[in-house]
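Trainee:
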Amino acid sequence: MTAHEFNMTTLSRVIGNDEMKWITDQFSRLKDKCYLESAGAALYPKNLINAVNDDLLNNTFMNPHTDKYTRDCIEHIRSLTLNHFNTDSSSYDVIFTSGTTQSLKLVVESFRFSETQDKNAKEGSFVYLNENHTSVLGLREIAADKNADIIHISHNDFLDAVRDQTNMFSSSNLQDQSINNSLFVYPAESNFNGFKYPIDCMGNIRNGCLNSIIDGHPWKVNRKWFIMLDAATFLGTNKLDLSKSRPDFVVLSFYKIFGYPTGLGALLIKKRSASILDDKRYYGGGTVDVVLSSERFHVKRTDIHERFEDGTTSFLSILALKHCFDVLHSLIPKSVNNDLMETISHHTFYLAKDLYDQLKGLKHKNGTKAAVLYMDSDFSDVTKQGGIVTFNIVRDDGTYIGYNEFQHMADLFGICVRTGCFCNSGSCQRHFKKTNKDIKLLYQSGHTCSGNIDLMDGEPTGAIRASFAYYNTFNDVDKLMKMICRCFVNTPLVRPNRSLVSWNKGVVTEMKAEYHNNNNGLEPELSHYSEESEEKIEFDVQAEETAVLKEIALFPIKSCGAFKVKSWPIGDKGFAYDREWMITNHNGVCLTQKNNTRMCLIKPTIHVNRNLLVLHCKGWFVNE
Ligand SMILES: *Cc1c(COP(=O)(O)O)cnc(C)c1O
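Counting in the UniProt record's numbering, the sequence shown runs from 1 upward without gaps.
Right, dumping it as structure tokens:
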């Protein structure tokens with residue numbers, strides 16, 4: 001990034017250019033890389049690693065079971081963590097875990113689904129939103145083992161139910177039946193496309209607004225609802241105020257907020273709900289008050305986090321958290337409502353909105369739309385949408401570009417995005433309109449969750465996800481858009497008009513001109529085919545001048561050997577017959593050398609005049 005560029009363009013809608021430059025300096029290790037994968041993992045700032053390093057080099061920390069000083073530091077960090085969520089130890093407790101996934105498991109393993117000892121009584125239900133992360137879907141197996149009833153709720157049913165005030169269900173209607181405990185799990189923000197699910201509806205859920213959806217279910221029971229909020233994606237760029245939204249359990253991973261440390265997450269438990277987790281079986285070092293080795297006798301500790309943190313906590317990682325909070329506060333100005341996380345959520349929202357608006361308007365020369373967006377909001381409301389844009393690119397004839405092809409091009413341009421289904425099969429199915437049967441068929445023909453089949457019968461099996469964090473700027477949006485236009489859409493790009501805005505107590509003031517470009521805020525049109533606007537993405541120009549063409553290697557059949565020539569005709573797609581054919585299995589799935597290494601022994605030769613492709617192979621495959 002040149003200083004010139006910083007002065008010329010607005011970098012953020014909420015953070016001033018000088019402050020933004022101070023932030024991006026922390027990530028100078030990226031060089032020309034453009035990181036748009038923060039929903040996968042945030043990046044750690046330089047100051048954080050320095051602070052952690054200094055702390056470890058200058059202090060002696062011991063096993064917290066041994067050392068009171070280390071223990072006190074950890075207790076302090078527990079309260080810092082609760083402060084971050086605007087609550088304290090009178091209302092919530094923090095249990096440190098290895099991450100979101102372990103936190104989720106801990107709750108379901110410990111959750112008491114039934115209120116009675118009666119073996120014939122029906123257990124409560126494990127209820128989840130279809131749009132959950134795979135780590136939530138896996139909980140079904142634990143819940144099923146505990147005889148809980150497994151129920152899924154669709155995106156639309158959930159939104160309708162929590163919004164519909166008339167649908168309120170009084171639990172007193174079923175007074176004569178036994179009370180069962182039901183656990184509902186949903187994400188605060190979709191990791192698929194950044195849609196934010198309502199988190200002001202906990203009261204409605206406890207009052208039974210979801211009962212109506214599952215009413216048709218054979219076991220009509222008087223449910224006592226408990227809510228687990230999967231906040232793993234949400235917390236990276238948002239403020240969770242636990243004095244307002246009061247889920248019973250919140251799960252999170254710290255690397256998604258701070259980038260470091262990995263292997264550390266938390267389970268926040270509302271103290272009043274802690275007793276429902278008394279079905280915890282396992283105990284380890286530190287979680288019992290008394291245990292006998294020769295008799296099956298133990299009593300678990302009473303303090304909530306002491307009861308749940310089996311073994312020695314990841315104490316050096318926990319100690320790093322103090323620096324995580326400090327550094328984030330020192331780096332980022334509290335431009336929006338004097339709040340750190342609100343500033344980040346507005347900053348990322350406007351970056352993503354800028355990309356969304358550009359993709360939405362992106363057209364090929366023939367006027368057809370170049371992007372298909374998979375969103376559940378139109379970026380009109382920061383409380384409903386986070387800094388994520390999910391899309392695919394289509395050619396001017398309407399055919400899809402596979403996400404693998406996109407990923408390869410993005411790699412060449414140093415742009416990091418996520419492609420595929422992002423461990424969220426529910427959202428994928430809904431957006432790609434695939435039935436369960438479709439998915440099973442796809443699986444039979446070779447498509448797997450992290451597999452490399454990006455198109456089936458021309459239809460996408462996944463998408464491209466760009467996610468933003470506090471260290472991204474409008475320059476990152478420009479890099480991605482330039483790459484898309486250059487590789488896939490043959491039209492010039494116009495950089496949108498952007499300006500910094502001052503946010504204060506809901507009053508928004510445009511800061512005119514200051515950060516605008518000299519051209520009245522309008523950039524000259526960025527043509528991808530004109531010399532000046534190109535960034536350093538091109539290949540070595542000097543080499544071009546001195547290079548001599550010695551040989552051309554064609555690959556007529558994907559994954560087979562090369563056919564080498566000195567000169568060759570050019571067709572309308574490049575070298576004639578280059579990558580023209582592929583070998584498929586009986587399901588039409590392309591075979592590659594990755595799984596079939598001996599394909600490289602097949603050597604094709606093309607006789608253009610005779611219209612002939614000849615395949616040679618030394619030492620043919622032995623049938624095994
Ligand atoms: C990342 C993520 C998870 C899984 O988190 P781990 O750190 O891999 O345990 C679960 N849910 C959501 C919404 C996520 O974004």
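Ideal Cβ placement from N, Cα and C applies to all residues, glycine included.
Since this is a predicted model, take the numbers as computed values, not measurements.
#1: Using 8 Å for Cβ pairs, my map puts Ser314 next to Phe96. What's the rounded Cβ distance?
#2: If you count every other CB in all the chains shown that lies within 10 Å of the CB of Leu340, and 16 or more means buried, which is it?
#3: Can you give me the C-alpha to C-alpha distance between Ala42 and Gly386, rounded to a whole angstrom?
#4: In whole angstroms, what is the alpha-carbon distance linking Asn611 and Phe563?
#5: Can you tell me which of the three DSSP states Phe468 falls into?
#6: Compute the minimum distance between the beta carbon of Asn191 and the heavy atoms of ligand 1, and state whether it is under 8 Å.
#7: Report the rounded CA-to-CA distance for Gly263 versus Thr233, giving the unit in angstroms.
#8: Around the Cβ of Gln102, are there at least 16 other Cβ atoms within 10 angstroms (buried) or fewer (exposed)?
#9: Between the stretch 27-39 and the stretch 474-487, are three or more C-beta pairs nearer than 8 Å?
#10: At 3 residues or longer, what runs of the beta strand (DSSP E) sit wholly inside the UniProt domain "Molybdenum cofactor sulfurase middle" (547-618)?
#11: Assuming contact is defined by CB atoms lying nearer than 9 Å, are Gly259 and Leu11 in contact in what I supplied?
#12: I want to check one thing, is the minimum distance from the CB of Ala39 to the heavy atoms of ligand 1 below 8 Å?
#13: Which class does Phe406 belong to by DSSP, given the choice of helix, strand or coil?
#14: What are the boundary residues of the alpha helix (DSSP H) that includes Arg498?
#15: Just reading off the beta strand (DSSP E) that Asp93 is part of, what are its end residues?
#16: For Glu538, which residues in the same chain have their Cβ closer than 8 Å to its Cβ, ignoring the five residues on either side in sequence?
#17: Val14: buried (16+ other C-beta within 10 angstroms of its C-beta) or exposed?
#18: Put Cys416 into one of helix, strand or coil per three-state DSSP.
#19: Can you determine whether any heavy atom of ligand 1 sits closer than 8 Å to the C-beta of Gly265, and answer yes or no?
#20: Could you tell me whether the Cβ atoms of Phe113 and Asn50 are closer together than 9 Å?
#21: What number of angstroms, rounded off, separates the C-alpha of Asp411 from the C-alpha of Ala466?
#22: Taking the DSSP output, what are the residues bridged to Glu297?
#23: Go through the stretch 95-135 residue by residue and report every complete run of the alpha helix (DSSP H) that reaches 4 residues or more, in order.
#24: What would DSSP say about Gln385, mapped onto helix, strand or coil?
#25: For Ser377, which residues of its own chain have a beta-carbon under 7 Å away from its beta-carbon, when the five flanking residues on both sides are left out?
#26: Do Leu268 and Phe308 have their C-beta atoms closer together than 9 Å?
#27: Would you report the Cα separation of Thr597 and Lys603, rounded to the nearest angstrom?
#28: Below 8 Å, can you find three or more Cβ-Cβ pairs linking the stretch 115-129 to the stretch 83-92?
#29: May I ask you to check if the CB of Val136 is nearer than 8 Å to at least one heavy atom of ligand 1?
#30: Sorry if obvious, but does the Cβ on Cys324 come closer than 8 Å to a heavy atom of ligand 1?
#31: Which of the three DSSP states, helix, strand or coil, is assigned to Ser171?
#32: The beta strand (DSSP E) spanning Thr509 covers which residue range?
#33: Does the Cβ of Pro496 lie closer than 8 Å to at least one heavy atom of ligand 1?
#34: What are the partner residues of Gly265, as DSSP defines its beta bridges?
#35: Given a threshold of 16 other Cβ atoms within 10 Å of its Cβ, counted over all protein chains shown, does Ser28 qualify as buried or as exposed?
#36: From Tyr128, Asp357, Asp381, Pro556, pick the residue whose C-alpha is nearest to that of Lys573; which is it?
Mentor: Put simply:
#1: 7 Å
#2: buried
#3: 15 Å
#4: 15 Å
#5: coil
#6: yes
#7: 16 Å
#8: buried
#9: yes
#10: 552-554, 563-565, 602-607, 612-617
#11: no
#12: yes
#13: helix
#14: Per DSSP, Arg498 belongs to no alpha helix (DSSP H) and is neither H nor E.
#15: 92-97
#16: Below a pLDDT of 50, predicted positions are generally treated as unreliable, and Glu538, at 43, falls in that range; no measurement from the model is reported.
#17: buried
#18: strand
#19: yes
#20: no
#21: 14 Å
#22: Glu is not the amino acid found at residue 297; the sequence shown has Phe there. Phe297 pairs with Leu292.
#23: 100-110
#24: strand
#25: Phe195, Lys384, Gln385
#26: no
#27: 13 Å
#28: no
#29: yes
#30: no
#31: Because Ser171 carries a pLDDT of 48, less than 50, the predicted location of this residue cannot be relied on, and the following value inherits that uncertainty. Correct three-state label for Ser171: helix.
#32: 507-510
#33: no
#34: Thr97, Ser253
#35: exposed
#36: Pro556
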